[in-house]
DNA sequence: TTAATTTACTAAAACGTTTTCGTCAATACG
DNA sequence: CGTATTGACGAAAACGTTTTAGTAAATTAA
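Protein chains in written order, with this note's numbering: chain A, 27 to 362; chain B, 27 to 362.
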């Protein structure tokens with residue numbers, strides 16, 4: 027392993043000078059800087075991250091806390107898109123990412139402990155139970171944190187505009203003449219509450235009364251649970267003419283139920299999804315859905331995190347807007 | 027930050043003793059070990075990974091090289107499953123994982139350099155272009171490597187039994203009476219070659235001649251390219267009665283083409299996928315496909331990697347077997 | 001000319017561990 | 001009883017950086 031000392035010998039200067047030259051200190055003469063940099067790359071020098079960290083307490087590493095009760099965190103396309111974007115933005119900023127878990131090795135260790143152990147400079151948190159004591163411990167600690175789709179008072183957060191998304195989809199269905207609109211929503215998280223609010227606003231604006239049976243809870247990303255919810259809706263005396271699904275993926279569960287009853291989309295029933303993932307574009311019928319800008323969400327969270335790691339930045343709630351994606355899963359409904 | 031010194035003061039022993047007590051050296055008396063461990067947890071001590079690494083040259087960190095030309099590495103369900111499994115197995119072994127890339131910060135850095143910089147103890151490589159000079163540099167270096175679905179002479183590798191998978195699917199189609207069987211395969215990687223071999227073997231055993239037009243190349247995980255390939259097949263004078271698709275996801279592209287021509291699966295045409303991901307189970311019709319044990323593949327690669335990091339292990343090619351998943355996308359074909 | 005300032009560099013300590021040699025009792029052996 | 005051996009611990013160096021405080025020479029100011 028070639029170290030700073032090797033360079034210093036080769037150049038006939040002290041290690042201190044090499045370090046400064048490499049790190050762009052102004053007090054080193056241009057010629058020396060040149061010389062040092064040249065020999066550094068000649069010797070194929072790589073700084074030792076551990077040694078640097080030990081001195082500076084900066085790991086250039088950001089933690090990613092992306093867990094899920096169902097452990098589908100990584101296979102959930104929406105979250106993998108965020109993860110991917112976080113990773114790339116982190117990398118262009120010179121950071122690597124580390125997954126934060128709480129059972130490293132055989133022994134139990136809290137999220138915060140894991141962060142400390144790996145000296146993460148900051149953490150991006152998404153898709154977790156934000157009431158979890160360990161999450162709270164981390165959030166309240168001194169490590170910089172940015173949360174996704176959940177806001178704490180004194181912290182920066184990046185949120186997708188869930189209220190708007192649900193509002194727009196519901197409004198669209200209403201505009202198309204639907205009056206019996208059901209909403210299969212996910213577990214009652216903050217995200218879900220926002221969407222329900224958006225849905226309700228659209229209904230109100232269109233003078234539509236939504237019976238309680240039209241609001242049914244299922245689990246995000248769980249095709250089976252959504253299929254059951256769909257079945258319940260179709261079994262009603264007055265089944266809906268349109269259904270909003272919790273997300274694009276789990277919609278497929280609903281689709282199965284609909285098909286198996288010999289119904290067709292959108293002729294007999296109109297549907298829309300949520301997320302706007304790749305899958306929704308290739309499905310047939312193509313899904314009318316709401317695109318969440320996962321890429322932007324990831325990018326912004328890293329940007330904000332880096333800001334609060336490197337400088338002093340004020341806590342800020344950033345809203346990332348989505349986009350209505352039309353497909354052919356909704357048909358105009360002519361009330362009889 | 028509480029260090030070993032704090033513990034040593036509290037206990038009235040030297041730092042050396044604390045270190046040894048914590049690391050289970052035999053030369054420390056049981057009582058001292060007890061005392062040290064108790065005060066360590068009382069003070070909420072966390073070892074400093076950087077300091078330890080600096081001394082021991084062991085980071086407890088394994089690199090993951092999972093890139094894709096199409097950058098869909100993380101959103102590809104099959105690979106996210108592997109990634110997830112790698113992550114979990116690594117964690118239970120006390121390792122964290124780091125994504126290896128070649129453009130950390132603003133400056134270009136080779137995969138190997140990145141590994142060195144982060145002191146990865148070993149690397150798992152999958153889903154990359156194994157001819158890439160940078161990959162080769164890493165593979166030939168002194169850092170322990172395990173490859174997935176590709177084998178180098180002197181290295182351990184974990185491979186899914188691609189030949190068997192394609193063989194079984196093709197045989198099944200033949201058993202069901204199909205004689206005009208097409209195979210839309212992926213780009214000509216090693217994996218693809220194996221599958222083609224399996225396919226061909228099945229055809230041969232069943233005395234089926236496969237015209238060249240029935241073997242068409244598309245891109246993995248690319249619904250659009252697969253749709254086009256499907257169209258080409260359906261345009262033939264003698265279109266196939268059964269099609270094997272490159273993977274479950276991209277099959278949806280083919281499905282779209284089939285549906286839009288007013289054909290039905292499996293009545294008019296039989297299909298099967300590959301991978302056996304979640305999606306294939308909830309699709310309608312449910313897909314007949316080959317399940318690749320992503321979980322096992324991830325686990326085994328970490329196991330093997332840790333083995334070669336911690337002890338001396340011989341290079342070994344490990345084959346992970348899959349499983350035939352029947353669905354209802356294949357129908358018995360009565361030759362006229 | 002002398003004093004003050006600037007420039008370009010260096011010595012050395014420090015970061016928190018691990019690990020190699022010691023050391024010094026206590027015990028075992030001949 | 002004297003000598004090995006063992007058991008339990010400590011001193012100190014080392015890992016590769018960064019950074020503070022300094023120094024000597026060169027330049028500028030008075």
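Backbone N, C-alpha and C define an ideal beta-carbon position, used for all residues, glycine too. Note that the structure is predicted; figures quoted are calculated from it, not measured.
Buried or exposed by the 16-neighbour rule on C-beta atoms within 10 Å, applied to residue i
i: residue 166 of chain B; result: exposed
i: residue 338 of chain B; result: exposed
i: residue 176 of chain A; result: buried
i: residue 5 of chain A; result: Shown here, chain A extends from 27 to 362; a query on residue 5 of chain A therefore has no answer.
i: residue 144 of chain A; result: buried
Cα-Cα separation, residue i to residue j
i: residue 122 of chain B; j: residue 75 of chain A; result: 16 Å
i: residue 282 of chain A; j: residue 320 of chain B; result: 26 Å
i: residue 295 of chain A; j: residue 288 of chain B; result: 20 Å
i: residue 302 of chain B; j: residue 217 of chain B; result: 16 Å
i: residue 164 of chain B; j: residue 44 of chain A; result: 28 Å
i: residue 342 of chain A; j: residue 336 of chain B; result: 46 Å
i: residue 120 of chain B; j: residue 116 of chain A; result: 24 Å
i: residue 109 of chain A; j: residue 110 of chain B; result: 13 Å
i: residue 3 of chain B; j: residue 79 of chain B; result: This structure leaves residue 3 of chain B out entirely; chain B is present only between 27 and 362.
i: residue 327 of chain A; j: residue 184 of chain A; result: 6 Å
i: residue 133 of chain B; j: residue 142 of chain B; result: 15 Å
i: residue 403 of chain B; j: residue 345 of chain B; result: No information on residue 403 of chain B is available, as it lies outside the stretch 27 to 362 that chain B covers here.
i: residue 42 of chain A; j: residue 50 of chain A; result: 12 Å
i: residue 84 of chain A; j: residue 140 of chain A; result: 15 Å
i: residue 270 of chain B; j: residue 179 of chain B; result: 31 Å
i: residue 206 of chain A; j: residue 268 of chain A; result: 7 Å
i: residue 146 of chain A; j: residue 63 of chain A; result: 29 Å
i: residue 264 of chain B; j: residue 107 of chain B; result: 39 Å
i: residue 48 of chain B; j: residue 129 of chain B; result: 38 Å
i: residue 304 of chain A; j: residue 272 of chain B; result: 18 Å
i: residue 204 of chain A; j: residue 290 of chain A; result: 16 Å
Top-ranked residue by Cα proximity to residue i, from the options
i: residue 227 of chain B; options: B:251, B:204 and B:189; result: B:189
i: residue 187 of chain B; options: B:354, B:350 and B:358; result: B:350
i: residue 333 of chain B; options: B:85, B:109, B:234 and B:170; result: B:170
i: residue 215 of chain A; options: A:60, A:261, A:152 and A:252; result: A:152
i: residue 314 of chain A; options: A:322, A:297 and A:329; result: A:297
i: residue 135 of chain B; options: B:161, B:103, B:291 and B:305; result: B:161
i: residue 37 of chain A; options: A:57, A:206 and A:139; result: A:57
i: residue 30 of chain B; options: B:68, B:156, B:259 and B:53; result: B:68
i: residue 354 of chain A; options: A:267, A:87 and A:312; result: A:312
i: residue 91 of chain A; options: A:358, A:73, A:112 and A:236; result: A:112
i: residue 322 of chain B; options: B:114, B:233 and B:39; result: B:114
i: residue 325 of chain A; options: A:118, A:309, A:258 and A:138; result: A:118
Residues that residue i contacts on chain A, provided the C-beta gap is smaller than 7 Å
i: residue 100 of chain B; result: 106, 109 and 110
i: residue 285 of chain B; result: 310
i: residue 279 of chain B; result: 308
i: residue 139 of chain B; result: 72
Cβ-based neighbour list, residue i, same chain, cut-off 6 Å, excluding 5 preceding and 5 following
i: residue 196 of chain B; result: 225 and 228
i: residue 223 of chain B; result: 189
i: residue 172 of chain B; result: 150, 182, 327, 330 and 331
i: residue 276 of chain A; result: 247, 248, 249 and 252
i: residue 306 of chain A; result: 274, 299, 313 and 315
9 Å Cβ cut-off: residues of chain A touching residue i
i: residue 26 of chain B; result: Not covered by the structure: residue 26 of chain B. The range shown for chain B is 27 to 362.
i: residue 382 of chain B; result: An answer regarding residue 382 of chain B cannot be provided, because it is not within the stretch 27 to 362 covered by chain B.
Within chain B, the residues that residue i reaches when beta carbons sit closer than 8 Å
i: residue 144 of chain A; result: 75 and 122
i: residue 322 of chain A; result: Within chain B, no residue comes near residue 322 of chain A; the closest Cβ sits about 16 Å away, beyond 8 Å.
i: residue 79 of chain A; result: 76
Amino acids of chain B, ordered along the chain, whose beta-carbon sits closer than 7 Å to that of residue i
i: residue 249 of chain A; result: 308
i: residue 103 of chain A; result: 101
Own chain, CB closer than 8 Å to residue i, minus 5 neighbours either side, in chain order
i: residue 70 of chain A; result: 28
i: residue 93 of chain A; result: 99, 127, 153 and 154
i: residue 317 of chain A; result: 301, 302, 348, 349, 350 and 351
i: residue 104 of chain A; result: 273, 301, 303, 318 and 320
i: residue 358 of chain A; result: 202 and 203
Close Cβ partners of residue i (< 7 Å) along its chain, the five nearest in sequence each way excluded
i: residue 255 of chain A; result: 210, 242 and 244
i: residue 65 of chain A; result: 33, 36 and 37
i: residue 46 of chain B; result: 53 and 54
Partners in chain B for residue i, counting only beta-carbon separations shorter than 9 Å
i: residue 410 of chain A; result: Absent from the model: residue 410 of chain A. The displayed extent of chain A is 27 to 362, so no value can be given.
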